[in-house]
Structure formats: C-alpha cells, structure tokens
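Residue numbering for the sequence shown follows this note's numbering, starting at 1 and increasing by one per position.
Every residue, glycine too, gets a C-beta built ideally from N, C-alpha and C.
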Amino acid sequence: MNIRFCLACEKELKGRSDKKFCDTQCRSIYHNTNRPTHELSIRRINSKLRRNRRLLAHFCPSGKSIVEKEVIAKLGYRFELFTHIFPFNSGTYFFCYEYGYLPINEKGTEKMLIVHKQKYMEKLSFYPWDFKIIKHDSK
Numbered sequence: 001m002n003i004r005f006c007l008a009c010e011k012e013l014k015g016r017s018d019k020k021f022c023d024t025q026c027r028s029i030y031h032n033t034n035r036p037t038h039e040l041s042i043r044r045i046n047s048k049l050r051r052n053r054r055l056l057a058h059f060c061p062s063g064k065s066i067v068e069k070e071v072i073a074k075l076g077y078r079f080e081l082f083t084h085i086f087p088f089n090s091g092t093y094f095f096c097y098e099y100g101y102l103p104i105n106e107k108g109t110e111k112m113l114i115v116h117k118q119k120y121m122e123k124l125s126f127y128p129w130d131f132k133i134i135k136h137d138s139k
C-alpha cells in the first residue's frame, strides 16, 4: 500500500485514495499560498473597491446625499479606485459598483454628491478617447 501525505502539513493521509489534504483548512492554506502574485493584487484591489462601495452605501441610504470629502477620506475611502465613470454636463460621476459620487465644491468645502445608480444610467455610454482629463497644478 502506498502511503500518501497532506500537501499542506505533510501529515499522513487516511481515507480515499485520491485525497490530497487532511482537512479543508489545509486545502485553503495550500491554495492561498500557491496563488499567483497577480491574483493577490486583484484580491487587494477588489477588497478596497468593496470598502469604497460600503462607505458610499453607508452615506447614501436614500438614493442621494452629500457628504464632506474629509469625512469619508478619514474612514479610508480610496478616491483613485473606482469601477466606472459617467461624464455628465454637471461633471463626471465616479462609480464604485452601483454607488457613485460627483465631486463638488460648496462654499470652499470639498464635498461629494453620492447617488445610487438609476435605470437611465444603464443606457448611457461614452467614447473613452473623447474623454479629457485635466491636470490641476497643486498649490
């Protein structure tokens, strides 16, 4: 009889002949440690995107609200991470899944107009090569 060992902890395996791990914890440990580095990068970014979405959802319980940028930034919002954008005449909305915000400046205070995605937005599209990014000089 052939003795087999767990791929994660190297304990002797008992049971089925095709068994590779002694339990689910060893299976998870093995697969998480042998994951390609680009998968880990994707996981970290998705985690930050989910955090952004959670914060937007928290501050927008009724479909539309305004919050100061400083407040949401202190809670860990990452402004450079978003899933998609919608350019409108009033400005560009930055979305994180189904929640988005429009950067506004109200009486010298930077704020965010947070909205929940509406049905009409599903029909909107834009041509990325026509979209202009304007770099502001830092003060």
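| Taking Q118 as the reference, which of N89, P36, E98 has the closest Cα? | Within the sequence shown, numbered from 1, the residue matching residue 118 stands at position 118. Minimum Cα distance to Q118 is reached at E98.
| query | Taking Cβ positions, are S93 and I85 nearer each other than 8 angstroms? | reply | Start at 1 with the first residue of the sequence shown, and residue 93 comes out as number 93. Start at 1 with the first residue of the sequence shown, and residue 85 comes out as number 85. Checking the displayed sequence, the identity of residue 93 turns out to be Tyr instead of Ser. Yes, they are a contact pair.
| task | Using a threshold of 8 angstroms, state whether the C-beta atoms of M121 and I72 are closer than that. | result | Position 121 of the sequence shown holds residue 121. Position 72 of the sequence shown holds residue 72. No, they are not a contact pair.
| Exposed or buried, what is Y127 when buried is set at 16 or more other beta-carbons lying within 10 Å of its beta-carbon? | Reading the sequence shown from its first residue, position 127 is the one you call residue 127. Looking at its Cβ environment, which holds fewer than 16 other Cβ atoms inside 10 Å, Y127 is exposed.
| query | For the alpha helix (DSSP H) that I3 lies in, which residues bound it at each end? | reply | The residue you call residue 3 lines up with position 3 of the sequence shown. Looking at the DSSP string, I3 is not in any alpha helix (DSSP H), and its letter there is neither H nor E.
| By how many angstroms is the C-alpha of F82 removed from the C-alpha of I114? | In the sequence shown, the residue the question calls residue 114 occupies position 114. In the sequence shown, the residue the question calls residue 82 occupies position 82. Answer to the nearest angstrom: the Cα atoms are 13 angstroms apart.
| query | By Cβ distance below 7 angstroms, which residues in the same chain neighbour T109 in space, the five residues on each side in sequence not counted? | reply | Indexing the sequence shown from 1 puts residue 109 at position 109. Excluding residues within five positions, the ones whose Cβ falls inside 7 angstroms are E68.
| If you draw a straight line from the alpha carbon of R50 to that of H38, how long is it in whole angstroms? | The residue you call residue 50 lines up with position 50 of the sequence shown. The residue you call residue 38 lines up with position 38 of the sequence shown. Going by the C-alpha atoms only, they are around 18 angstroms apart.
| query | Do you know offhand how far G15's Cα is from A8's? | reply | By one-based count along the sequence shown, residue 15 stands at place 15. By one-based count along the sequence shown, residue 8 stands at place 8. Cα-Cα distance, rounded: 17 angstroms.
| Residues near L102 in its chain [Cβ-Cβ closer than 6 angstroms; skip 5 each side] | Here residue 102 refers to the residue found at position 102 when the sequence shown is read from its first residue. Excluding residues within five positions, the ones whose Cβ falls inside 6 angstroms are G91, Y93, L113.
| message | Below 8 angstroms on the Cβ atoms is my contact criterion, and I expect K19 with R4 to pass it. Report the Cβ-Cβ distance as a whole number of Å. | response | Numbered from its first residue, the sequence shown carries residue 19 at position 19. Numbered from its first residue, the sequence shown carries residue 4 at position 4. Contact holds; Cβ gap of about 7 angstroms.
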